[in-house]
Amino acid sequence: MPLRVLAAMSGGVDSAVAAARAADAGHDVTGVHMALSSNPQSYRTGARGCCTLEDSRDARRAADVIGIPFYVWDLAERFHRDVVEDFVSEYAAGRTPNPCLRCNEKIKFAALLDRAMALGFDAVCTGHYARLDGGVLRRGVDAGKDQSYVLAVCTPEQLAHALFPLGDTAKADIRLEAERRGLQVADKPDSHDICFIADGDTRGFLAERLGAAPGPIVDADGNEVGEHDGAYAYTIGQRRGLRIGTPAPDGRPRYVLDISPVTNTVTVGPRESLDVHQITGERPVWLSEAPEGPFDCQVQLRAHGEVYACTAEQAGDELRIRLATPARGVATGQAAVLYDGDRVLASSTIAEAARVPA
Numbered sequence: 024m025p026l027r028v029l030a031a032m033s034g035g036v037d038s039a040v041a042a043a044r045a046a047d048a049g050h051d052v053t054g055v056h057m058a059l060s061s062n063p064q065s066y067r068t069g070a071r072g073c074c075t076l077e078d079s080r081d082a083r084r085a086a087d088v089i090g091i092p093f094y095v096w097d098l099a100e101r102f103h104r105d106v107v108e109d110f111v112s113e114y115a116a117g118r119t120p121n122p123c124l125r126c127n128e129k130i131k132f133a134a135l136l137d138r139a140m141a142l143g144f145d146a147v148c149t150g151h152y153a154r155l156d157g158g159v160l161r162r163g164v165d166a167g168k169d170q171s172y173v174l175a176v177c178t179p180e181q182l183a184h185a186l187f188p189l190g191d192t193a194k195a196d197i198r199l200e201a202e203r204r205g206l207q208v209a210d211k212p213d214s215h216d217i218c219f220i221a222d223g224d225t226r227g228f229l230a231e232r233l234g235a236a237p238g239p240i241v242d243a244d245g246n247e248v249g250e251h252d253g254a255y256a257y258t259i260g261q262r263r264g265l266r267i268g269t270p271a272p273d274g275r276p277r278y279v280l281d282i283s284p285v286t287n288t289v290t291v292g293p294r295e296s297l298d299v300h301q302i303t304g305e306r307p308v309w310l311s312e313a314p315e316g317p318f319d320c321q322v323q324l325r326a327h328g329e330v331y332a333c334t335a336e337q338a339g340d341e342l343r344i345r346l347a348t349p350a351r352g353v354a355t356g357q358a359a360v361l362y363d364g365d366r367v368l369a370s371s372t373i374a375e376a377a378r379v380p381a
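Per our numbering, the sequence shown starts with residue 24, numbered consecutively.
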């Protein structure tokens, strides 16, 4: 049945082809570009993200080629509050957030979808590489581009009003299709960095907003081995840029094991100390009813990261995950997404990672 569809058009090739496919399917499609900064030049310049005037113009040209109405919606204030400020505060608290995941949760499938539904649209269409099968969220067929991980924060109600037309196609074929359709964005580079950090310098971005906060770098025994300018500049598993003046007794590299914003301390140690066997997740979102008791599944702990066999269980408001083999470099603030094969089961925010078997 034809739907009234709002196509989120970032100015890139994926969202342009997604909008075109939705129109070809017989839906009544309107394109919208989300203006995510009141000053577009303050975020990213060039064909790298979704926050520039160039991206807005590319989206408008694509809509003209497809033959659909096009509008620009100002979501800058909401984006700054829910994504940018959240990103800064999470780092200040010693966690490592995923801003793309937060953008899906708070902007595309909250602010955008809510406004679309209020205006009488039936669904929002995006260029994500994922599949919806009878309300079930599944991985995209292009494993290298699969984005089901960052969509796992969406609720079943939100997914019921979503369209992902690209999930059954490889990225290389999407570019060829865009070229055949006469879309000028066919060869536009993908964005790989955080869209609101103009030069890709996350440490500098955080330092500008949080200021210098010098503190000690210590080993696992509490011995000071260096000094940092701000614990927020580090993430679990980091090896480079540690500024350690004292070599390890065994001469091997050291990695960030822990970040304590309370004591402003960064703890470093050997790689094997990063091993995590058990994870506790908070604010779980289930895409179907949570199973009773422990069950076997798989878990992904980073976007495009490794998948681990595990046993999971809902325990009160927490999701407890026990890994069959240890994972390394698990950072709080990231998402733990449960899968059954290619099917997404649930997501939660990593609140604790235990480095020894419980």
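Glycine included, each C-beta is placed from N, C-alpha and C at the ideal position.
Quantities reported herein were computed from a predicted structural model and do not represent experimental measurements.
The beta strand (DSSP E) spanning residue i covers which residue range?
i, result
"D224", "Segment: none, D224 is in no beta strand (DSSP E) and carries neither H nor E."
"Q261", "Note, Q261: premise wrong, no beta strand (DSSP E); not H, not E."
"M24", "Here M24 belongs to no beta strand (DSSP E), and DSSP marks it neither H nor E."
"D281", "Y278 to S283"
"L155", "A153 to D156"
"R198", "Segment K194 to R203 is the alpha helix (DSSP H) holding R198; no beta strand (DSSP E) there."
"G292", "T288 to G292"
Taking DSSP as the reference, what is the three-state secondary structure of residue i?
i, result
"V36", "helix"
"S65", "Caution applies to S65, whose pLDDT of 47 falls short of 50 and renders its modelled position unreliable; the model cannot decide the point."
"P349", "strand"
"L342", "strand"
"L182", "helix"
"A271", "coil"
"V88", "helix"
"A381", "Legend: pLDDT at A381 = 48, less than 50; position of this residue unreliable, value from coordinates given subsequently. In the structure shown, A381 sits in coil (DSSP, three-state: anything other than H, G, I, E or B)."
"H327", "coil"
"R125", "helix"
"V176", "coil"
"Q406", "The displayed coordinates of the chain run from 24 to 381. Any statement about residue 406 would go beyond what the structure contains."
"A134", "helix"
"Q301", "strand"
"Q337", "strand"
"A230", "helix"
"A45", "helix"
"A354", "coil"
"D365", "coil"
"A8", "For the chain, the structure presents residues 24 to 381; residue 8 sits outside this window and is missing."
"V208", "helix"
"L76", "helix"
"D81", "helix"
"Y257", "coil"
"G166", "First, the residue type needs correcting, since residue 166 is Ala and not Gly in the sequence shown. In the structure shown, A166 sits in coil (DSSP, three-state: anything other than H, G, I, E or B)."
"S60", "coil"
Based on the DSSP secondary-structure assignment, which residues constitute the bridge partners of residue i?
i, result
"S370", "V308 and V360"
"P239", "E250"
"L29", "T53 and V147"
"C218", "Answer is none; C218 lacks a bridge partner."
"Y94", "V55"
"V159", "D156"
"A376", "I302"
"A332", "Q321"
Assuming residue i contacts residue j (C-beta within less than 8 Å), just tell me the rounded distance between them.
i, j, result
"L186", "V28", "6 Å"
"A230", "G253", "6 Å"
"V308", "S370", "5 Å"
"P120", "G356", "5 Å"
"L59", "A99", "6 Å"
"R19", "A335", "With the chain covering 24 to 381 only, the question about residue 19 has no answer from this structure."
"G205", "R154", "About 27 Å; that fails the 8 Å criterion."
Check whether the Cβ atoms of residue i and residue j lie closer than 7 Å to each other.
i, j, result
"A175", "V360", "yes"
"R277", "V291", "yes"
"T288", "P239", "yes"
"D165", "A193", "yes"
"H56", "S79", "yes"
"A354", "I259", "yes"
"P284", "A133", "no"
"A358", "Q337", "no"
"G352", "L297", "yes"
"V248", "I217", "no"
"I302", "A347", "no"
"H151", "Q170", "yes"
"A201", "V36", "yes"
"A332", "P188", "no"
For the alpha helix (DSSP H) that contains residue i, what are its first and last residues?
i, result
"F110", "E108 to A115"
"A99", "A99 to F102"
Should residue i be listed as close to the ligand COA, given that the test is whether its C-beta is under 6 Å from any heavy atom?
i, result
"S112", "Within the structure as shown, the ligand COA is missing, as the structure has no ligands at all."
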